[in-house]
Amino acid sequence: MANNTTNRKLPLKMPPDWEPPVPAWSSVFAENQQDVSMCIIGCQHKSDAYISEFVGALNGLAKNADVCDFATCEDKDGLSQTIAIIYWMDAQACADWLHSDVVTLFWELYSDDKWGFGIFREVFNVPFERLETLFSGPVHNHGFSQIRKDIEGPIERHGYWGGMRDRIPLSAENPFEAHQTLEVIEQQGNRVVVRAHENLCIIRSGQDWSHTTGTQREEYLNQIEPVLKAGMNFLRDEGDEVNCYSCRYMTQFMPFKGKQECTFGLAFFRTMSDLEAWSESHPTHVAIFNTFLEIAPKYGPDLQLQLWHEVSVLPAGSQYGEYINCTEGTGLLAGVKLS
40 MANNTTNRKL PLKMPPDWEP PVPAWSSVFA ENQQDVSMCI IGCQHKSDAY ISEFVGALNG
100 LAKNADVCDF ATCEDKDGLS QTIAIIYWMD AQACADWLHS DVVTLFWELY SDDKWGFGIF
160 REVFNVPFER LETLFSGPVH NHGFSQIRKD IEGPIERHGY WGGMRDRIPL SAENPFEAHQ
220 TLEVIEQQGN RVVVRAHENL CIIRSGQDWS HTTGTQREEY LNQIEPVLKA GMNFLRDEGD
280 EVNCYSCRYM TQFMPFKGKQ ECTFGLAFFR TMSDLEAWSE SHPTHVAIFN TFLEIAPKYG
340 PDLQLQLWHE VSVLPAGSQY GEYINCTEGT GLLAGVKLS
């Protein structure tokens, strides 16, 4: 579905004669590409737990995926979560992989209590008509955009409240308002499976400061990042106030090589409207937005900090999270009441 201004049932949010304050770009994928599958597979553990075998095994299993990013964070329960975000551009290939003998054996192996940590997987498939991407520069390629075909821009639809929605093609006819509730569909002992509801909104929003130097590096680390972290911690610890089920503020790393100068927030909101409401009016995000606009425009195309995000609005269907030996605040578990 082309995201154009003709034949829209719902109007654009973009103000008349809009000129963005800073440039931005969006990814372009092959015309025959209809959707993307995202598997978040990880473990929840104490900071000193031995997880090297888990990470190594997961890294090996994901070698044939289109994209695999590893990251870690501290969660609201004071535990660490270490994950791989694995993207597939072929939904059937993803399904076959998840049900393969090697992945099944991996899952069964690390389900055992003897390891001393919990494991989880969150599996989503999103049509391209229900997602959008945004980048602060034309050469940035993060998330599933690492395998994009091209990039378009500078684009017009960004930098105003509602731009995120305007960039999603299906928003021309769907307000994405209808939602049910997260549902526990299986619960046996320490294992819980949660089904996601239609129009649940996922945002992965990242920062790459590996190319920054001098003043730009200092401005990011001393001015932008502290405000950003405060906003992510609010969503992590008090997200229920704004209908955010879960937020992980994660640092990327290369397995057995160390951390990268890249972070991202990975958050699950009840709906896109809830994400928009937090973005537009909550003090924690307004502070992030204003701090960025105080710094970025003066650099224009010479901005060294790479900012990006991908936003998805889930369709109805087999979108789920499975949790074994995890705390009740983990991922989609945070949005359900367990018996």
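40 is the number of the first residue of the sequence shown in the numbering used here; add one for each residue after it. Using N, Cα and C, we set each Cβ at its ideal position, and we do this for glycine too.
Does DSSP classify Pro-166 as helix, strand or coil? Along the sequence shown, read from residue 1 onward, the residue named residue 166 stands at position 127. Reduced to three states, the DSSP call for Pro-166 is strand.
Taking the beta carbon of Met-293 as the centre, do at least 16 other beta carbons fall within 10 Å, making it buried, or is it exposed? Start at 1 with the first residue of the sequence shown, and residue 293 comes out as number 254. When all chains shown are included, Met-293 counts as exposed.
Do Pro-166 and Asp-74 come within 7 Å of each other at the CB atom, strictly closer than that value? Counting from 1 along the sequence shown, the entry for residue 74 is found at position 35. Counting from 1 along the sequence shown, the entry for residue 166 is found at position 127. Contact flag set, yes.
Which value, in whole angstroms, describes the spacing of the CA atoms of Ala-41 and Leu-209? What you label residue 41 is simply residue 2 of the sequence shown in a count that begins at 1. What you label residue 209 is simply residue 170 of the sequence shown in a count that begins at 1. Only weak support is given to the placement of Ala-41: the predicted model assigns it a pLDDT of 47, under 50, and the value that follows is read from those uncertain coordinates. Distance between the alpha carbons of Ala-41 and Leu-209: 9 Å.
Compare the C-beta of Gly-202 with all C-beta atoms of chain D and state if any pair is closer than 7 Å. No chain D appears in the structure shown, which is made up of a single protein chain.
In its own chain, which residues sit with a C-beta less than 8 Å from the C-beta of Lys-48, not counting the 5 before and 5 after it? Stepping through the sequence shown from its first residue, residue 48 is reached at position 9. Excluding residues within five positions, the ones whose Cβ falls inside 8 Å are Ala-211 and Glu-212.
Can you give me the C-alpha to C-alpha distance between Leu-353 and Leu-239, rounded to a whole angstrom? By 1-based counting over the sequence shown, the position of residue 353 is 314. By 1-based counting over the sequence shown, the position of residue 239 is 200. Each residue's alpha carbon lies about 5 Å from the other.
Is the beta carbon of Val-232 less than 7 Å from the beta carbon of Glu-367? Here the question's residue 232 lines up with position 193 in the sequence shown. Here the question's residue 367 lines up with position 328 in the sequence shown. In this structure, Glu-367 does not lie closer than 7 Å to Val-232 by Cβ.
If you draw a straight line from the alpha carbon of Ser-139 to that of Asn-164, how long is it in whole angstroms? By one-based count along the sequence shown, residue 139 stands at place 100. By one-based count along the sequence shown, residue 164 stands at place 125. Straight-line Cα distance between these residues: approximately 18 Å.
Quick check on the burial criterion: 16 or more other C-beta atoms within 10 angstroms. Buried or exposed for Asp-341? For the purposes of this step, residue 341 is taken as residue 302 along the sequence shown, with counting starting at 1. Label assigned to Asp-341: exposed.
Cβ of Ser-86 versus every heavy atom of the ligand HEM: is any distance shorter than 6 Å? With respect to small molecules bound, the structure shown includes none, and the ligand HEM cannot be examined in it.
Leu-100 in three-state terms, based on DSSP: Here residue 100 refers to the residue found at position 61 when the sequence shown is read from its first residue. Looking at Leu-100 - three-state DSSP - the assignment turns out to be helix.
Range of the contiguous beta strand (DSSP E) that encloses His-348: Here residue 348 is taken as the residue at index 309 of the sequence shown, counted from 1. It spans 345-352 - the beta strand (DSSP E) in which His-348 sits, taken as one unbroken run.
Using CA atoms only, rank isn't needed, just tell me which of Glu-58, Glu-237, Ser-65 and Trp-57 is closest to His-348. Against the sequence shown, residue 348 aligns to sequence position 309. Ranking Glu-58, Glu-237, Ser-65 and Trp-57 by Cα distance to His-348 puts Ser-65 first.
Under three-state DSSP, which class holds Ala-41? Here residue 41 corresponds to residue number 2 of the sequence shown, with the count starting at 1. Because the pLDDT at Ala-41 is just 47, under 50, the model does not fix this residue reliably, and the point stays unresolved.
Could you check how far apart the C-beta atoms of Tyr-338 and Gln-255 are, in whole angstroms? I think they sit under 8 Å. Numbered from 1 along the sequence shown, position 299 holds the residue referred to as residue 338. Numbered from 1 along the sequence shown, position 216 holds the residue referred to as residue 255. Sure, about 7 Å apart at Cβ, within 8 Å.
Beta strand (DSSP E) segments (min. 3 residues) lying fully within the segment 269-350: 283-293 and 297-308
When you compare only the Cα positions, how much space is there between Gly-117 and Asn-71? Reading the sequence shown from its first residue, position 78 is the one you call residue 117. Reading the sequence shown from its first residue, position 32 is the one you call residue 71. C-alpha separation (whole angstroms): 44 Å.
Of the listed residues Phe-68, Gly-99, Ser-91 and Phe-156, nearest to Thr-369 (C-alpha basis): Position 330 of the sequence shown, counting from 1, holds the residue named residue 369. It is Phe-156.
Based on the DSSP output, what are the partners of Tyr-359 in its beta bridges? By one-based count along the sequence shown, residue 359 stands at place 320. In DSSP, Tyr-359 forms a bridge with Val-162 and Arg-234.
With a cut-off of 8 Å on the beta carbons, I'd call Leu-377 and Val-223 a contact; round off their distance for me. Here the question's residue 377 lines up with position 338 in the sequence shown. Here the question's residue 223 lines up with position 184 in the sequence shown. By a beta-carbon distance limit of 8 Å, Leu-377 contacts Val-223. Their separation comes to about 7 Å.
Cβ shell of Ser-86 (< 6 Å), same chain only, five flanking positions each side left out: Here residue 86 is taken as the residue at index 47 of the sequence shown, counted from 1. Closer than 6 Å at Cβ, skipping near neighbours: Ser-119.
In whole angstroms, what is the alpha-carbon distance linking Phe-328 and Ser-357? Within the sequence shown, the letter at position 289 stands for residue 328. Within the sequence shown, the letter at position 318 stands for residue 357. Cα to Cα, Phe-328 sits roughly 34 Å from Ser-357.
Go ahead and label Cys-365 buried or exposed: buried means 16 or more other beta carbons lie within 10 angstroms of its beta carbon, across all protein chains shown. Here residue 365 is taken as the residue at index 326 of the sequence shown, counted from 1. Label assigned to Cys-365: buried.
Endpoints, the alpha helix (DSSP H) within which Tyr-149 is located: Counting from one through the sequence shown, the residue named residue 149 turns up at place 110. It spans 140-149 - the alpha helix (DSSP H) in which Tyr-149 sits, taken as one unbroken run.
Beta-ladder partner(s) of Cys-365, from DSSP: In the sequence shown, the residue the question calls residue 365 occupies position 326. According to DSSP, which records beta bridges pairwise, Cys-365 is partnered with nothing at all.
Suppose the cutoff is 6 Å on Cβ atoms and the five residues either side in sequence are ignored; what does the same chain contact list for Ile-158 look like? Position 119 of the sequence shown, counting from 1, holds the residue named residue 158. If we look at Ile-158 and ignore the five residues flanking it on each side, its Cβ neighbours are Cys-82, Tyr-149 and Ile-363.
At the level of alpha carbons, what is the spacing between Arg-381 and Ala-96? With the chain covering 40 to 378 only, the question about residue 381 has no answer from this structure.
Could you please give me the residues that DSSP links to Tyr-199 through a beta bridge? Translated into the one-based positions of the sequence shown, residue 199 becomes position 160. BP columns for Tyr-199 are empty, so no partner.
How would you write the range of the beta strand (DSSP E) that Trp-154 sits in, first residue to last? Numbered from its first residue, the sequence shown carries residue 154 at position 115. Counting along the chain, Trp-154 falls outside any beta strand (DSSP E), and DSSP gives it neither H nor E.
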